[in-house]
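My numbering runs 14 ahead of the 1-based position in the sequence shown. Some notes on the structure that comes next.
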Amino acid sequence: GQSSIVKMPKPAEGTGGKKRSRVPGVMVTQYVEELPPGSTTPDFIRKPIALTIQEGKLAFFKAVVSGYPVPDVSWARNKGDISNSTKYVSRFDEKNEQYILEIPNVDSDQADTYKCFAINPFGKAVCTAALNVIEGRKFIKVGKRKEKQWNEGEIDPRFWEVLLSAPRKDYERICQEFGVTDFRWMLRKLNQKKKEREAEQSKKIHSLKQIEVKTDGTAEFELDMKLKDPNSKILLFKDGEMLDYGDGTDEATKHNMQKFGETYLFSIRDVGPEDAGLYQVDVEEVNMFSTSLVLPDVELNTTLKDTKVIEGQDAVFECALSDPVPQITWCANDISVEHGEKYDIAVSEDKQVHKLAVKNCTKEDKGVYTAIAGLRSSQGTLDVEEKITYSMPASKTLDFQAAPKFIVPLKLHAALPGYECYMSCAVTGNPTPHITWYHNNVSLNTNPNYYITNVCGVCSLLILRVGPKDMGEYKVVAESPLGHDECSTKLIVKGISSILILINIFWLMF
């Protein structure tokens with residue numbers, strides 16, 4: 015393919031017609047009804063984008079084309095020719111396969127709409143791009159919207175238009191872009207302009223809220239306003255040039271405006287590099303909103319990775335860019351997100367590494383997360399696993415208290431006079447019961463003639479030398495606050511007349 019700057023002659027008409035391009039804003043004409051096998055009509059893979067440049071700088075348009083046979087590429091402008099080789103240089107970059115039109119030392123009279131043609135025997139493709147030139151301190155742009163004059167020592171009017179509709183967190187970035195360094199002065203001036211703008215807006219609308227820009231293949235500008243006069247004309251401008259827009263019903267329409275109650279949704283289909291620029295919404299002669307759609311020409315050096323976390327943990331997505339970009343767009347399930355309580359958005363010092371942290375993840379945070387930088391995007395999924403918790407049954411207070419109870423009672427004993435006699439029993443209870451021994455209903459606990467012990471619930475009594483007086487009933491009583499229990503036995507002393515035994519038994523019975 016060749017690149018030239020001469021005007022192409024009109025090709026012979028065929029029986030073909032218009033053909034839809036793969037790139038928005040490109041017009042393709044096919045000369046023949048049927049293409050020979052292997053042949054294709056010209057088209058643009060990458061079209062030149064609009065430029066705004068300071069006078070005296072180097073401007074250049076770049077284009078990448080397709081088609082077989084390889085098309086011839088040429089350039090032209092609306093209001094003049096580009097045959098002067100000192101002012102216009104057309105060349106082909108073989109390494110990147112790009113056709114380039116260079117304009118060294120740009121002059122204000124070169125501000126115009128430029129056209130790029132790609133032609134082969136079977137058709138042609140045409141696209142346009144505007145060149146805006148800043149002459150000294152005056153901004154020369156191609157368009158129809160009236161702009162305030164920018165005099166020596168003043169700030170570019172676009173600065174205030176963008177700032178008036180921007181969130182406060184973007185003030186610093188916008189000041190850097192427009193070369194404004196006095197932040198305090200800017201805030202004072204901005205507050206004054208806000209009051210003036212609100213006074214103008216109050217004549218046309220009831221309320222206004224910040225526009226949210228979404229990028230998911232389209233760009234959307236949403237405005238909430240209640241027009242005091244329903245017949246007020248709403249105008250949309252890009253870089254000062256008024257745009258025609260449809261109502262969203264025709265998929266071929268590039269710009270659309272749809273009304274949902276008091277919400278106005280302005281959308282741009284198939285966003286490409288040429289769509290970058292300053293967008294403004296006017297109601298009659300009053301500017302309602304201004305914003306810059308910035309589409310940096312960058313590549314993603316790393317893509318987002320799928321992430322899996324447990325409920326309550328933080329998830330982090332990270333991507334690296336080929337060139338510095340101050341801010342990119344992060345989306346969660348196609349909805350743009352901002353830095354705040356749920357999300358942490360950070361960028362490295364060199365502006366090339368961008369991170370999104372999803373804090374304290376829940377099941378609702380699952381889905382697809384997208385990083386969008388210019389026309390490049392990357393996606394990663396977030397999976398949130400349920401946190402496994404072991405629920406222990408409510409602890410019950412175990413009550414180990416129990417009333418006294420004899421588990422091993424006393425046994426019947428018979429002993430010879432002058433010998434030992436040992437009696438024992440076992441008792442339980444909590445708290446530990448108080449033990450009392452009785453002989454014929456007389457307490458023995460303080461009687462030194464008997465050796466009494468109570469160890470770990472085993473109650474024992476030892477008579478060192480049995481005599482006739484030791485005959486009779488022995489009883490053990492266990493007592494605590496929870497109750498009492500008792501057990502008893504008989505001690506028979508052998509060798510004593512049966513009469514004495516009968517008398518003792520008689521007395522015990524009565």
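C-beta atoms are modelled at their ideal positions from N, C-alpha and C, and glycine is treated no differently.
Burial state of Val84 is exposed, judged by a 10 Å Cβ sphere holding fewer than 16 other Cβ atoms. Ranked by Cα distance from Cys375, the options Phe420, Gly326, Phe303 are led by Gly326. Look at Val42 here: in three-state DSSP terms it is strand. Inter-segment contact for the stretch 73-82 and the stretch 105-115 is present: three or more beta-carbon pairs are separated by less than 8 Å. Of the residues assessed, Ala360 falls on the exposed side of the cut-off, its CB having fewer than 16 other CB atoms within 10 angstroms. Distance from the Cα of Ile282 is smallest, within the candidate group Val297, Asp258, Asp296, Ala125, for Asp258. Closest by C-alpha distance to Tyr488, out of Leu505, Val480, Cys473, is Leu505. With respect to the 8 Å criterion, Gly286 and Lys61 are classified as neighbours on the basis of their beta carbons.
Going by DSSP, Arg187 is part of the alpha helix (DSSP H) stretching over 185-192. Three or more beta-carbon pairs drawn from the stretch 315-323 and the stretch 390-403 are found closer than 8 Å, and the two stretches are therefore classed as touching.
The C-beta distance from Tyr293 to Lys252 rounds to 6 Å, short enough to meet the 8 Å contact threshold.
Straight-line measurement puts the Cα of Gly52 at about 30 Å from the Cα of Ala90. If only complete runs of 3 or more residues are kept, the stretch 402-482 shows the beta strand (DSSP E) at 416-422, 427-429, 435-444, 448-453, 464-469, 472-477, in order along the chain. Cβ-Cβ distances below 8 Å link Ile248 to Met271, Tyr278, Val295, Asp296, Val297 in the same chain, with the five nearest sequence neighbours on each side left out; the list follows chain order. Excluding its 5 nearest sequence neighbours in each direction, Ala440 has C-beta neighbours in its own chain below 6 Å: Ile421, Val422, Gly471, Val472, listed in chain order. Taking C-beta atoms as the reference points, Lys419 and Thr503 fail to come closer than 8 Å. Closest in C-alpha terms to Leu458, from the list Val490, Ile386, Asp311, comes Val490. Every beta strand (DSSP E) stretch that sits fully inside the stretch 276-364 and reaches 3 residues is listed by chain position as 277-282, 291-297, 300-307, 321-324, 329-334, 343-346, 357-361. In this structure, Lys373 lies near Lys356, with their beta-carbon atoms less than 8 Å apart. Note on Glu265: under 16 other CB atoms within 10 angstroms of its CB, so exposed under the neighbour-count rule. Trp174 is bridged by DSSP to nothing; it lacks a bridge partner. Note that the C-beta distance between Ile63 and Ala290 is below 8 Å.
For Pro56, the enclosing beta strand (DSSP E) has its first and last residue at 54-60. No residue range can be given for Cys375, since it is assigned to no beta strand (DSSP E) and is classified by DSSP as neither H nor E. When only Cα atoms are considered, Glu236 and Glu47 end up about 43 Å apart. Per the C-alpha coordinates, the member of Val507, Asp379, Phe414, Glu378 positioned closest to Gly432 is Val507. Here Arg202 carries a helix assignment [DSSP, helix/strand/coil].
Between Thr450 and Ala416, the CB-CB gap reaches or exceeds 8 Å.
For Ile59, the closest of Gln124, Cys141, Asn98 by C-alpha to C-alpha distance is Cys141. Distance check between Ser438 and each of Asn444, Val469, Asp413, Thr460 places Val469 closest, using alpha-carbon atoms only. By the C-beta density criterion, Leu177 is buried, having at least 16 other C-beta atoms within 10 angstroms.
Counting the other CB atoms within 10 Å of its CB gives Trp199 a total below 16, which places it among the exposed residues. Going by beta carbons, Glu116 and Leu65 fall outside the 8 Å limit. Taking the C-beta atoms as reference points, Asp311 is found no nearer than 8 Å to Ala371. Glu487 sits in a strand when the DSSP states are folded into three classes.
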